[in-house]
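Heads up: take any position in the first sequence, counting from 1, add 32, and you land on this note's numbering.
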Amino acid sequence: MNNKKRLLEEITTCPECKGTHIIRDPNRGELICSDCGLVLEDELIDYGPDWRSFDNEEYEKKAHTGAPVSPLIHDGGLTTEIGYQNRDSYGNPLSNKARAQVYRLRKWQKRLRIRNSTDRSLAEALSQLMKISSAMNLPRDVRETAAMIYRKAAEKDLIRGRTIDGILAAALYAACRQCHVPRTFDEISKVTGIPKKDIARNYRFLSRELKLRLPPASPLDYLKLFGSRLHLSGEAQAKAKEILDQAEKEKLTVGQNPLGIVAASLYIASVLCGDKKTQREVAEQVGVTEVTIRNKYKQLSEKLGIDIAL
DNA sequence: AAGACGAAAGTGGTTGA
DNA sequence: TCAACAACTTTCGTCTT
33 MNNKKRLLEE
43 ITTCPECKGT
53 HIIRDPNRGE
63 LICSDCGLVL
73 EDELIDYGPD
83 WRSFDNEEYE
93 KKAHTGAPVS
103 PLIHDGGLTT
113 EIGYQNRDSY
123 GNPLSNKARA
133 QVYRLRKWQK
143 RLRIRNSTDR
153 SLAEALSQLM
163 KISSAMNLPR
173 DVRETAAMIY
183 RKAAEKDLIR
193 GRTIDGILAA
203 ALYAACRQCH
213 VPRTFDEISK
223 VTGIPKKDIA
233 RNYRFLSREL
243 KLRLPPASPL
253 DYLKLFGSRL
263 HLSGEAQAKA
273 KEILDQAEKE
283 KLTVGQNPLG
293 IVAASLYIAS
303 VLCGDKKTQR
313 EVAEQVGVTE
323 VTIRNKYKQL
333 SEKLGIDIAL
């Protein structure tokens, strides 16, 4: 921990642009490079003892030696109801030690409950986040990023008038992009049950209000994802990338749904490399229609002079 | 029978008056 | 605020392998 702290304080040059104008914003817990706008945030966040609100000494001590502090801490059993019989799941009485523990947990939970509504809904949201992201098999850094984004949104009072789930889904989408683990609106929509357009709208909103500096969705990230999901050969994946690069160079991609281009690239590559996938397969994976693939691949192969002998 | 094709109508978001 | 518009989808009949 100390090590980490010292390290952070020593950051004086931006890893991105090598600029030296690093601004520290203690309130937001961010380090910002004023040269290129890079936010070195997640390293800094949640530094202080966020557990201090439980002013019980015992707890304070435990908190600092326990699990690493992460934006996800509101989760972890705290939202579970704790029964009032001092018995374990078999109905046997608990030992003194266990009973004391259960008692503390109960007290803790009660305190959590009593706290203000924003905290309560935050806790709820975070546990919801865990459910969704584990259903989607998302890595931890994505979860933490999503939690961070959600927290910031909550702090800025951006949730009011919107639904928790909607913002959460949008935060998750943003986090996926930030971490280069791209997921489509469709996927997130399927898991969360939030309509795609709502996620998209909330995402735009968050991105504007929180000034998330996300690079435009990289078709390349999607290409990798879908390429592997389709079990496309390495050769074909490389080919798809080639096609995509070319298409971008020729400015054939502006104003188009990147997913359509990605799907078409994958399809063309699969045909060219003799590892053919049907339009249907590709369409299903990527989440566009066959018609779109058809139109796009016609357009692409024509403009790029690629001959597909079918 | 499955895949590919394309026309036609429908949908939701963006744009510009 | 609203209509025009472009991109994409849905649906469906037809052609190809």
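Where is the CB? At the ideal position from N, CA and C, for every residue including glycine.
- From D277 to V213, what does the alpha carbon distance come to, in whole angstroms? Looking up residue 277 in the first sequence gives position 245. Looking up residue 213 in the first sequence gives position 181. Our two residues, D277 and V213, have alpha carbons roughly 20 Å apart in a direct line.
- Message: Would A207 and A178 qualify as a contact pair, given that the criterion is a beta-carbon distance under 9 Å?
- Response: By 1-based counting over the first sequence, the position of residue 207 is 175. By 1-based counting over the first sequence, the position of residue 178 is 146. Result yes, Cβ atoms of A207 and A178 sit closer than 9 Å.
- Query: Beta-carbon separation of F258 and A301 under 9 Å?
  - Reply: In the first sequence, the residue the question calls residue 258 occupies position 226. In the first sequence, the residue the question calls residue 301 occupies position 269. Not in contact: F258 and A301 (Cβ atoms no closer than 9 Å).
- With a threshold of 16 other CB atoms inside 10 Å of the CB of L298, please say whether the residue is buried or exposed. Locating residue 298 in the first sequence gives position 266, where the first residue counts as 1. Classification for L298: buried.
- Message: Taking 8 Å as the cut-off, does the region 223-233 touch the region 263-275 (at least 3 CB pairs, one atom from each stretch)?
- Response: With a cut-off of 8 Å, the region 223-233 and the region 263-275 do not count as touching, because too few Cβ pairs lie within range.
- Message: Can you give me the C-alpha to C-alpha distance between V320 and G292, rounded to a whole angstrom?
- Response: Position 288 of the first sequence holds residue 320. Position 260 of the first sequence holds residue 292. One C-alpha to the other measures close to 6 Å.
- Whose C-alpha, out of D253, F217 and V223, is nearest the C-alpha of R236? Stepping through the first sequence from its first residue, residue 236 is reached at position 204. Closest by C-alpha distance to R236, out of D253, F217 and V223, is F217.
- Task: Any chance you could list the alpha helix (DSSP H) runs of at least 4 consecutive residues sitting entirely within the region 252-282, in chain order?
- Result: Fully enclosed alpha helix (DSSP H) runs of 4 or longer: 266-281.
- Task: Report yes if the CB atom of L238 is closer than 9 Å to the CB atom of A186, and no otherwise.
- Result: Counted from its first residue, the first sequence places residue 238 at position 206. Counted from its first residue, the first sequence places residue 186 at position 154. In this structure, A186 does not lie closer than 9 Å to L238 by Cβ.
- Task: Please look up how many angstroms separate the CB atoms of S153 and I196, rounded, as I've assumed it's under 8 Å.
- Result: Stepping through the first sequence from its first residue, residue 153 is reached at position 121. Stepping through the first sequence from its first residue, residue 196 is reached at position 164. That belief holds up - the Cβ atoms of S153 and I196 are roughly 6 Å apart, short of 8 Å.
- Item | Nearest residue (CA-CA) to R175, options R183, K184 and S165 | Walking along the first sequence from the start, residue 175 turns up at place 143. Comparing C-alpha distances from R175 to each of R183, K184 and S165 shows the shortest one belongs to S165.
- Item | Contacts around R215, its chain only, beta-carbon distance under 6 Å, and the 5 residues preceding and following it disregarded | For the purposes of this step, residue 215 is taken as residue 183 along the first sequence, with counting starting at 1. For R215, the CB contacts under 6 Å within the same chain, skipping 5 residues up- and downstream, are C208 in chain order.
- Taking 9 Å as the cut-off, decide whether the C-beta atoms of L246 and Q210 are in contact. Within the first sequence, residue 246 is the residue found at index 214, counting from 1. Within the first sequence, residue 210 is the residue found at index 178, counting from 1. Yes, these two residues count as a Cβ contact at 9 Å.
- What span of residues does the alpha helix (DSSP H) with I220 cover, start to end? Reading the first sequence from its first residue, position 188 is the one you call residue 220. Unbroken alpha helix (DSSP H) run through I220: F217 to T224.
- Message: Tell me the DSSP secondary structure of L304 in three-state form.
- Response: Locating residue 304 in the first sequence gives position 272, where the first residue counts as 1. In the structure shown, L304 sits in a helix (DSSP, three-state: H, G or I).
- Whose C-alpha, out of K308, K283, N327 and K188, is nearest the C-alpha of K243? Translated into positions along the first sequence, residue 243 becomes position 211. Of the listed residues, the one whose Cα sits closest to K243 is K188.
- Task: Would you decide whether D173 is buried or exposed? Buried here means 16 or more other CB atoms lie within 10 Å of its CB.
- Result: As a working mapping, residue 173 is identified with position 141 in the first sequence. By the 10 Å Cβ count, D173 comes out exposed.
- Sort S260, A279 and N234 by Cα distance to D307 and report the nearest one. Taking the first sequence and counting its residues from 1, the one referred to as residue 307 is at position 275. The shortest C-alpha separation from D307 is found at S260.
- Message: Taking 9 Å as the threshold (C-beta atoms), are L262 and V303 in contact?
- Response: What you label residue 303 is simply residue 271 of the first sequence in a count that begins at 1. What you label residue 262 is simply residue 230 of the first sequence in a count that begins at 1. Not closer than 9 Å, so no.
- Query: How big is the Cα-Cα spacing for S333 and S250?
  - Reply: Along the first sequence, one-based indexing puts residue 333 at 301. Along the first sequence, one-based indexing puts residue 250 at 218. Approximately 21 Å, taken between the alpha carbons.
- Message: Which of the three DSSP states is assigned to Q133 in this structure?
- Response: As a first step, residue 133 is located in the first sequence; it is residue number 101 there, counting from the start. DSSP places Q133 within a helical segment (H, G or I) once states are collapsed to three.
- Task: Provide the residue span of the alpha helix (DSSP H) that contains L204, from first to last.
- Result: For this step, residue 204 is matched to residue 172 along the first sequence. L204 -> alpha helix (DSSP H) spans I196 to Q210.
- Query: Which of the three DSSP states, helix, strand or coil, is assigned to Q317?
  - Reply: The residue you call residue 317 lines up with position 285 of the first sequence. Residue state for Q317 is assigned as helix, using DSSP reduced to three classes.
- Y254 versus P290: straight-line alpha-carbon distance, rounded: By 1-based counting over the first sequence, the position of residue 254 is 222. By 1-based counting over the first sequence, the position of residue 290 is 258. When rounded, the distance between both Cα atoms is 9 Å.
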